[in-house]
Amino acid sequence: MPLFQKKTKELSQLPPPEHIAIIMDGNGRWATKKGLPRTAGHAAGSEVFRRIATYCRDIGVSYLTVYAFSTENWKRSAEEVSAIMGLLKKYLFEALEKMERDRIKLKFLGDLSRLSPELLALIDRTNAVSEQYEGFQANICLNYGGRDEIVHAARAFARACLAGEKDPDSLTEADFGNYLYSAGIPDPDLIIRPSGEERISNFLLWQSAYAEYYFTDVLWPDFTPAELDKAIAAFHRRNRRFGGV
Ligand code: FPP
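Take -12 as the starting number for the sequence shown in my numbering and just add one per residue.
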């Protein structure tokens, strides 16, 4: 067997990363290239999220975390913000109906207090249904910012200290992690950013300490399971040392 084929086969037999995170970038450029409004890019992007989440579940990934709306995304036009929120509502309505069949638990990370009452009610219903299931979990970051998350956690810890429940000097990294939106979720192993941009953009700042990054020029609406396979194969070729030798 040629060496390349052998390597590919061996890589495909390795277990997938436990936790994959994705910055779903490039929706606007994808739409503009096609002469469509930016919102059409987000609609295509939400369908790709559906496909990739299902694929992650099928190949044995335990957690998929996606950046759907950042604390900075409110700067976009009211029309675009409302289109993204509308897509989220549509997705949640549909997900709620077939959660049992799809076996995809959902969790929302971020400062949800700024979301509309309608979206919040849907999130509450989704959380209640998700709690009944074990298995693959998709985390949707909404009004999420990595710095905001750390400040939010620091405030909660400070309040616990003032209430006499915690001692500042005994705080460990693991304890601090329990104050983050991602409490209970293992750190991401692989973070993917499509669209050619190579920056973190305030995504999972605390949790990405030892994550492997994968960048590709493919725009998110064009991202396929085959692209995810490439990212996973690249991940398996990395030598993760976690600061050791
Ligand atoms: C980044 O691309 C994408 C976003 C800010 C929005 C992502 C939202 C969705 C895919 C829809 C709803 C999500 C779910 C989970 C159902 P961009 O607009 O910054 O693209 P650009 O850099 O090409 O302008």
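Glycine included, each C-beta is placed from N, C-alpha and C at the ideal position.
Quick caveat: nothing in here was measured; it's all calculated off a predicted structure.
Judged by beta-carbon spacing, Ile7 lies beyond the 9 angstroms limit of Arg180, meaning their Cβ atoms are not closer than that value. For Lys85, there is no enclosing alpha helix (DSSP H), as DSSP marks it with neither H nor E. Under DSSP, Asn126 forms a beta bridge with Thr52 and Lys94. In the three-state scheme derived from DSSP, where H, G and I count as helix and E and B as strand, Arg228 is classed as coil.
Here the alpha carbons of Gly132 and Tyr78 stand approximately 22 angstroms from one another.
Under the three-pair Cβ rule at 8 angstroms, the segment 105 to 116 does not count as touching the segment 26 to 43.
Distances taken from the Cβ of Gly13 to the heavy atoms of ligand 1 include one shorter than 8 angstroms. Straight through space, the alpha carbons of Gly73 and Arg63 are spaced by roughly 15 angstroms. Rounded to the nearest whole angstrom, the CA to CA distance from Ile127 to Lys94 is 6 angstroms. Closest in C-alpha terms to Ser117, from the list Glu87, Arg16, Pro104 and Arg146, comes Glu87. Within 8 angstroms of the C-beta of Gly22 there is not a single heavy atom belonging to ligand 1.
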